Each structure stands twice: as C-alpha cells, then as structure tokens.
Amino acid sequence: MNSTSTLLHLDASPRGSRSQSRRLGIDFLVAFRAANPSAQVVTRDLGRNPPPFVSEAWVEGAFAPAESQSPAAREAIAVSNAFVDELLAADQLVITTPIYNLSLPAALKAWIDQIVRAGRTFAKSASGFEGLAKNKRALILVTSGSDFRPGTPGGAYNFLEPYLRAVLGFIGITDVEFVYAHSQGADATTRSTALTEAQAAVAHFARAA
Ligand SMILES: Cc1cc2nc3c(=O)[nH]c(=O)nc-3n(C[C@H](O)[C@H](O)[C@H](O)COP(=O)(O)O)c2cc1C
C-alpha cells in the first residue's frame, strides 16, 4: 500500500477489551502500521456507537429532491453522507465482527444501511445495477462461538459471509477476504488453536495490505 493510502477500520462488537474480534483488529493494525507507516487509518467504533437506523426522514433525504426536503431529512441524510464519504475515501476496509444469531450484529447492518445509497455507492441503469465504490479491498475478521466457516457443517448456518460478500459486491467491492477465529465457545485447546490460526492469517494479510 502506498503512503497516501487510507484504511477504514470498523469494529462491530459491543464489547470492549473482552472482545476477540477487536483483538484481531488490533493485531492487524499493529502489523499494518509497521508495514505501512505513512498510511492513514480511520477508525469507526460501530459496536459502541451504532449508526442510526434508517428512518422516515432518512428515506426522504435519500430520495426526495434536495430543495423540498424537511430539516429532519437533511439532518438524517447528512449522517449517511458522512459515512459514505468516509467509505469512498478509503482504499481498504477492515471490519472486525462477531457472528450474531447466524448473521451480523445490528450495528454493522445499520452501517450498511447508511452506506448503500443510490447515486453514491451504486447506480441503476438500463443494463442493471453498478457498484460505484470501486478499487477497494475488504478484509473481514470474524469471531464466533462455534465453527461457522464455509465448508464446515456449521457453515450452512453462516449468513454473515454470503451476505457481506453480496452487499459489498453490490456497491463495487469484490476483492473481499475473510479470516475466522471460530469456536471461541469451545474447549480451551480448540479455542486457542483457532485463534492462533486466525492471528497468523491476520499477520499475513496485514503484511500484504
Ligand atoms: C447475541 C449473540 C449471538 C450469538 N450468535 C452466535 C451464532 O449464531 N453463532 C456462533 O457461532 N456464535 C454466536 N455468538 C458467539 C459470538 O459470536 C462469539 O462469542 C464471538 O467471539 C464474540 O465476539 P467478540 O468477542 O468480538 O464480542 C453469539 C453471541 C452473542 C452475544
């Protein structure tokens, strides 16, 4: 990554120092900063400061002509615009997240609902949809209580990875890698083996970033 590049780092767990997914993110950032001392890192703590849900005012702000929008609509869409601007300015995205109830935590879904925007991150034409958030890579660092990796029996219950691949691809981010620290609710040996493997993968991706 060159010196002017920007990394957008999002944490989705509501937990602080106990969070395994945040821990993986810290491992990534330490290695990333060592390999890319001049890169800019922008961090958003979604887990502890969740983005607002889409509201009636938000929908008005996203779809009504600017000149007819209510003050509430302008305010709601300004929040979304800030999230979109931050994403579009980034060259790379790192998201740390637990699996919650077979899928993603609501705070991360709330961020997705803020950044998937017609005319800003995707466009619709006669030939279909086109993602506008191009030339970015994403790395998703996932922790889970069980083994939900694709290809395992639990993988059939993993709706996080297929959903994130689909929605990021929809806005133009198709270079997406996943690292799993799985089985964090299992016995100590299984848990620490999975964590060590995840840490090695994170170090690899941080050096390659
Ligand atoms: C509300 C909730 C739902 C969860 N759902 C799942 C699940 O569907 N599958 C799974 O393997 N683990 C599940 N877990 C376990 C977490 O994914 C696991 O503990 C993870 O390591 C937590 O990440 P964190 O330490 O970064 O907070 C759930 C935990 C919570 C609190």
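Just so it is clear: in the sequence shown, position 140 is 1005 by the numbering used here, and no numbers are missing.
Beta carbons are placed, not taken as given, at the ideal position from N, Cα and C, and that holds for glycine.
These numbers come from a predicted model, not from an experiment.
What does DSSP give as the partner residues of alanine 1046 in its beta bridges?
Per DSSP, the beta bridge partners of alanine 1046 are Thr1008.
For aspartate 910, I'd like the list of residues in its chain whose CB is within less than 6 Å of its CB, leaving aside the five on either flank, ordered along the chain.
Shown here for aspartate 910: same chain residues with a beta carbon closer than 6 Å to its own, the five before and five after excluded, namely Asp876 in chain order.
Mind checking whether leucine 973 and threonine 962 have CB atoms under 8 Å apart?
With a cutoff of 8 Å on beta-carbon distance, leucine 973 and threonine 962 are scored as near each other.
Taking DSSP's pairing of strands, which residues face threonine 908 in a bridge?
Partner(s): His874.
Using a Cβ distance threshold of 8 Å, determine whether the region 1001-1014 contacts the region 1034-1044, with at least three qualifying pairs required.
Judged by Cβ distances under 8 Å, the region 1001-1014 makes contact with the region 1034-1044, as three or more pairs qualify.
Go ahead and pull the three-state DSSP assignment for isoleucine 960.
The DSSP-derived three-state label of isoleucine 960 is strand.
For lysine 1001 and isoleucine 1038, the rounded distance between their alpha carbons
Rounded to the nearest angstrom, the two C-alpha atoms are 6 Å apart.
Per DSSP, what are the beta-bridge partners of aspartate 1040 in this structure?
Looking at the DSSP assignment, aspartate 1040 forms a beta bridge with Arg1002.
Beta bridge counterpart(s) of histidine 990 as assigned by DSSP
Checking the displayed sequence, the identity of residue 990 turns out to be serine instead of histidine. Note: serine 990 is bridge-paired with Gly993 in the DSSP secondary-structure output.
Could you say which of Ala929, Arg939 and Pro917 lies nearest to isoleucine 980 if we only look at CA atoms?
That would be Pro917, whose Cα lies nearest to the Cα of isoleucine 980.
Alpha carbon to alpha carbon, what distance is there between proline 1018 and serine 903?
Linking serine 903 to proline 1018 through their CA atoms gives a straight-line distance of about 42 Å.
Say the cut is 7 Å; is the CB of leucine 1060 nearer than that to a heavy atom of ligand 1?
No; taking the cut-off as 7 Å, the Cβ of leucine 1060 has no heavy atom of ligand 1 nearer than that.
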